[in-house]
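Residues 0 to 142, numbered by numbering that gives the first Met the number 0, are exactly what the sequence shown covers, in order. Only one structure is covered here, and it is reproduced in the block below.
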Amino acid sequence: MKLYIAGHRGMVGGALVRRFRAETGIELILRTRAELDLSDQAAVNSFFAQEKPDVAILAAAKVGGIHANNTYPAEFGYENLMIATNAIHAAHEAGVGRLLFLGSSCIYPKLAPQPLREESLLTGPLEPTNEAYAIAKIAGLKL
Numbered sequence: 000m001k002l003y004i005a006g007h008r009g010m011v012g013g014a015l016v017r018r019f020r021a022e023t024g025i026e027l028i029l030r031t032r033a034e035l036d037l038s039d040q041a042a043v044n045s046f047f048a049q050e051k052p053d054v055a056i057l058a059a060a061k062v063g064g065i066h067a068n069n070t071y072p073a074e075f076g077y078e079n080l081m082i083a084t085n086a087i088h089a090a091h092e093a094g095v096g097r098l099l100f101l102g103s104s105c106i107y108p109k110l111a112p113q114p115l116r117e118e119s120l121l122t123g124p125l126e127p128t129n130e131a132y133a134i135a136k137i138a139g140l141k142l
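Spelled out as structure tokens, the structure:
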């Protein structure tokens, strides 16, 4: 099985790589941002058409701290929307059998009851400091 993990250098993506490297029969496909810019639609389309992974896990995202989120909300929203839409569409076009798109707790309302439940999604205002990131991730989930 050919498995593509986007965001393999991040915390979650790195953990997935360590887990799947222990499995036999799995060919990991990994690309750094320098090798594949997921916000570049043509590059993403070409990558999926050439590699044809059986499974894709999308753990990639543009992330930052509170200061970065407050200072550059448009950049965080735009880049994360491009990552989601480009990768999901290209995976579909290439016939990827399964795709897992990862979000985070940021996609839930700021005052959602704990522990978080899927039913809480879109039931209230988001945390303002990461709203752009959260909206992009929610859009990816809905795709």
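Glycine included, C-beta positions come from ideal geometry on N, C-alpha and C.
The C-beta of Lys141 has fewer than 16 other C-beta atoms within 10 Å across all chains shown, which makes the residue exposed. Contact between Glu34 and Lys61 fails: their C-beta atoms lie close to 17 angstroms from each other, not under 8 angstroms. Under the DSSP assignment, Tyr3 falls outside any alpha helix (DSSP H), being part of the beta strand (DSSP E) whose first and last residues are 1–5.
Ranked by Cα distance from Asn129, the options Arg116, Phe75, Leu115, Leu27 are led by Phe75.
In the DSSP annotation of this structure, Val54 is not part of any alpha helix (DSSP H); the continuous beta strand (DSSP E) holding it starts and ends at 54–57. Taking C-beta separations shorter than 8 angstroms and ignoring five residues to either side along the sequence, the partners of Ala83 in its chain run Leu57, Phe100, Ala135, Lys136, Ala138, Gly139, Leu142, following chain order. By the C-beta density criterion, His66 is exposed, having fewer than 16 other C-beta atoms within 10 angstroms.
As DSSP reads the structure, Leu110 sits in no beta bridge. For Arg18, the secondary structure class from DSSP, reduced to helix, strand or coil, is helix. Closest by C-alpha distance to Pro114, out of Ser104, Lys51, Thr23, is Ser104. Taking the Cβ atoms as the reference, Ala59 lies roughly 12 angstroms from Gly13, outside the contact range of under 8 angstroms. Proximity to Leu29 across Lys51, Lys109, Pro112 peaks at Lys51, based on C-alpha coordinates. For Glu50, the enclosing alpha helix (DSSP H) starts and ends at 40–50.
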